[in-house]
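Participant: So the sequence shown is residues -20 to -1, 1 to 242, counted in mature numbering (1 follows the signal peptide of the UniProt record, and there is no 0).
Beta carbons: idealized from backbone N, C-alpha and C, even for Gly.
None of these values were measured; they are calculated from a predicted model.
For reference, the structure I am asking about is given below.
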Amino acid sequence: MALRTAGSVLVIFLWSVADLQVTVTPTWWSTTLTCSTTCTLTGNPTYIWYRNSEIVQEDSSPSYSVYFKTEDSFYCAVKGINSPAVSVAGHSYFQVTYTHQNICTLKGSSVDISCSITYPSGHTVSETNWYRKGKLDEAPQILSQGYGGRVEYLGNMQSDSTLRITELREEDSAEYKFRFRTDQTNWKPTFPGTTLTVTGLQVKVTPATVTEGQKVTLTCSTTCTLADNPNPTYIWYKNGHVTNQSNSLFLNPVSSEDAGRY
């Protein structure tokens, strides 16, 4: 504020400093960034847009459109004032967010693969499908095929969905994705889903060839780290009877009494 006296007249000038903000608006085919101010700028200001600190547009329009997927950051500047940087990643009208990117679990167990769904207001979900990603020369396999009643769908299918697979087999290992159709569009996701790895238990004998009186180590392992129990308790059996609870069983030294099936 400035004060100026002219005779008996007191003239008061008011001014304010503008703050710049960038709003992100996704559309069907692009993402629109808009540089907004907390007050009306005088004159015809030029809006300068930066992508990762490099100028990509200088225009009188406060908007800039991004027509590609990117993790880059963007910010605008007007009259030497910069806005905070924003990222357009994750801003989409249609989006599926998976609870886990990777799941490792044991053969014979059950697994829940969950996701949440985002879509524009005014749309109604009319059809949903869980499917597994096939090899490059294979079409996606809808989960109602080939699972023999081992598949169950949970959730309201409007904002969240869970795929439950029971009696898991090693051949169930695959990438699982969710696809939905609304009353206005059929949206097909392009980003990764949840990768499921089904593992069995393996026993390794060290050394591989055993002679009487020699120290032997039996180690129980999985091909991946179990998602729900990274430090499981391994139960060892000898001839069908519990002998130990540990991931490794040490026989030192081996004698005829140690012979058996483990």
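If you check the beta carbons only, do Lys87 and Leu148 fall under 8 Å apart?
Facilitator: By one-based count along the sequence shown, residue 87 stands at place 107. By one-based count along the sequence shown, residue 148 stands at place 168. The answer is yes: Cβ separation under 8 Å.
Participant: Given this structure, state the Cα-to-Cα distance separating Val234 from Gln194, to the nearest angstrom.
Facilitator: Here residue 234 corresponds to residue number 254 of the sequence shown, with the count starting at 1. Here residue 194 corresponds to residue number 214 of the sequence shown, with the count starting at 1. So the alpha carbons of these two residues sit roughly 5 Å apart.
Participant: Would you mind reading off the limits of the beta strand (DSSP E) that contains Phe54?
Facilitator: As a working note, residue 54 is residue 74 in the sequence shown. Run containing Phe54: 53 to 58, per the beta strand (DSSP E) assignment.
Participant: Residues in the same chain with beta-carbon distance under 6 Å from Asn82, minus the five sequence neighbours each way, listed in chain order, please.
Facilitator: Residue 82 sits at position 102 when you count from the first residue of the sequence shown. Result list for Asn82: Thr175, in chain order.
Participant: Between the Cα of Ser139 and the Cα atoms of Phe160, Tyr156, Thr11, Tyr127, which residue gives the shortest distance?
Facilitator: Along the sequence shown, one-based indexing puts residue 139 at 159. Of the candidates Phe160, Tyr156, Thr11, Tyr127, the one whose C-alpha sits nearest the C-alpha of Ser139 is Phe160.
Participant: To the nearest angstrom, report how far apart Cys204 and Thr179 are at their CA atoms.
Facilitator: Here residue 204 is taken as the residue at index 224 of the sequence shown, counted from 1. Here residue 179 is taken as the residue at index 199 of the sequence shown, counted from 1. So the alpha carbons of these two residues sit roughly 7 Å apart.
Participant: Let me check one thing: in DSSP terms, what residues is Ser94 bridge-paired to?
Facilitator: If you number the sequence shown from 1, residue 94 lands on position 114. According to DSSP, which records beta bridges pairwise, Ser94 is partnered with Thr142.
Participant: Please state if the CB of Tyr99 and the CB of Thr162 are separated by a distance shorter than 8 Å.
Facilitator: On the sequence shown, position 182 is the one that residue 162 refers to. On the sequence shown, position 119 is the one that residue 99 refers to. Yes; because the gap between Cβ atoms is below 8 Å, this pair is in contact.
Participant: Mind listing, in chain order, the continuous beta strand (DSSP E) runs of no fewer than 3 residues lying wholly within the stretch 146 to 190?
Facilitator: 154 to 162, 174 to 179, 182 to 186, all fully within the stretch 146 to 190.
Participant: Which term fits Thr11, buried or exposed, when burial requires 16 or more other beta carbons within 10 angstroms of its beta carbon?
Facilitator: Taking the sequence shown and counting its residues from 1, the one referred to as residue 11 is at position 31. Buried, because 16 or more other Cβ atoms sit within 10 Å of the Cβ of Thr11.
Participant: Return yes when the Cβ of Ser43 is within less than 8 Å of the Cβ of Ser53, no when it is not.
Facilitator: By 1-based counting over the sequence shown, the position of residue 53 is 73. By 1-based counting over the sequence shown, the position of residue 43 is 63. Not a contact, by the Cβ cut-off of 8 Å.
Participant: Classify Ile28 as buried or exposed, calling it buried when 16 or more other Cβ atoms lie within 10 Å of its own Cβ.
Facilitator: In the sequence shown, residue 28 corresponds to position 48, counting from 1. Per the 10 Å Cβ criterion, buried.
Participant: Cutting at 6 Å between CB atoms, please list the residues of its own chain near Glu118, excluding the five before and the five after it.
Facilitator: Reading the sequence shown from its first residue, position 138 is the one you call residue 118. Confidence in Glu118 is poor, its pLDDT being 48 and thus under 50, which makes the residue's placement too unreliable to answer from.
Participant: In terms of alpha-carbon separation, which member of Asn136, Lys113, Val2 lies closest to Glu107?
Facilitator: As a first step, residue 107 is located in the sequence shown; it is residue number 127 there, counting from the start. Closest option to Glu107, Cα to Cα, is Asn136.
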